[in-house]
Amino acid sequence: RSSLTASRKKSCFVLLATRLVCGDVGAVTALGCNKVLTSQSMSSRASDALSNIPVATFSTLVLCCLVFLLQLLVDPPLHHYTLCPRDVVHLNEYYRFLTSAVFHGGVMHLFFNMMSTVAIGSLLEKRSGTFRHTITILWGILLTSATYTACAVLLHVTVSIESLMYRHSIGFSGVIFHLSVLEANLSPNVTRSVFGFFRVPSYLYPWALLVALQFILPNVSFVGHLSGILVGTLQLYGFLDIIMPSDGYLREMEDWRSLQFITCLASFVKTPEQSDVSIHSRNPGELREALLRSFRTLWKFLGDILETLKVILFGRGRPNANIHVLSTIDDSTQRNTRLAAAPNFSDDDDWAGLPPPPSPDDVESATV
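Just so we're aligned: the sequence shown equals residues -6 to 361 in the numbering used here.
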């Protein structure tokens, strides 16, 4: 009996140990599988997000990231690749037009610029096609840098301001503002929110963003962003059509064998046959009307601000209890004014519903 009991105890112990071990192994295996599935799902989501980015926008993203990786590895002197109008004009260093757009000053600078590029560029490329968007970005890089240089030279020649001639600018934000003008005018939304503080018409959103960013980040290049807005406005109203290929020619390029390695990609966007909203078909004559409309909106906005300040300080046509103005009238004059304004009850009928007036005897006794 003792041996049988011992064997049963041993069997029970082995069975219990086996269950515990198997249970732990199953839990560990399930936990490991969950981690693997989570990592796989995250990687699949990331790959899906990248695959949904059109070709031209994705190529811009990769190019700027590779250049920044080269900056980290080689650490070149950054001032040799920035946009400096003096070096462009006097030293003929026109390569700065290109290098200043793809180089960045830091990780956060690159991150925010690329996030904006992906958001705005993807929408524009899906509407206009990969080839047109590629040409828009290339012309945007060149024309934005050229406009920045022209502004610096103009300020130096007209009002003798030389600081902009020696200033170094870097980053893709000028082209982003160029694209934002096109995207804002394509948006179906009538108004847009500027960082959640106030709303402006969609066509004025790049201008409002220009001013708001200057207050939030004073060190950003105001003239660089302004140059992008000017170039985008020129393209929006058709002034750059002379340097832009036609839609028919772009569709012919899509049939070239030499470009099949691009056109065969799943993220390639063909040039649309007919677009309800085209970013290159605006009438140049509409620019004057748009400027007048923008001026009227700005004037109304300034008037609302002045009216708000007026109400805060002086109220709406009535004295403000929060404002105390010193009076030059002496106390006796104020007392006489109050007595003159008091009601004069000359008739006993005027005292209807009120306590009866005191008799002269009561007045004399009260006075004594």
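Even for Gly, the Cβ is constructed at its ideal location relative to N, Cα and C.
For clarity, every value in this text was computed on a predicted model and none was experimentally measured.
The straight-line gap separating the alpha-carbon atoms of T256 and Y242 is approximately 15 angstroms. By the Cβ-count criterion, G99 is exposed, with fewer than 16 other Cβ atoms from all chains shown falling within 10 Å of its own Cβ. The alpha helix (DSSP H) runs of length 4 or more contained entirely in the stretch 141 to 204 are, from start to end of the chain, 166 to 179. When C-alpha distances from H161 are compared across L76, L302 and S138, the shortest belongs to L76.
DSSP places L233 outside both helix and strand once states are collapsed to three, so it counts as coil. The stretch 170 to 183 and the stretch 215 to 233 touch, with no fewer than 3 CB-CB distances between them shorter than 8 angstroms.
Straight through space, the alpha carbons of L252 and L291 are spaced by roughly 47 angstroms. Under the three-state reduction of DSSP, L210 is assigned to coil, being neither helix nor strand.
By the C-beta density criterion, V204 is exposed, having fewer than 16 other C-beta atoms within 10 angstroms. The C-beta of Y88 has fewer than 16 other C-beta atoms within 10 Å across all chains shown, which makes the residue exposed.
Straight-line measurement puts the Cα of E282 at about 49 angstroms from the Cα of D68. A check of alpha carbon separations from T110 across L63, L135, L66 and V48 identifies V48 as the nearest. In this structure, I169 and G221 form a Cβ contact; the two beta carbons are roughly 7 angstroms apart against a cut-off of 8 angstroms.
In the DSSP assignment, L76 forms a beta bridge with S162. G164 sits close to N106, with the two beta carbons spaced by under 7 angstroms. CA-to-CA, the gap between S260 and V146 works out to about 42 angstroms.
Going by C-alpha positions, N182 is about 7 angstroms away from S195.
Here Y159 has R79 as same chain residues with Cβ atoms under 6 angstroms from its own Cβ, once five neighbours each way along the sequence are excluded. Nearest to C58 by alpha-carbon distance, out of H73, L233, F96 and S214, is F96.
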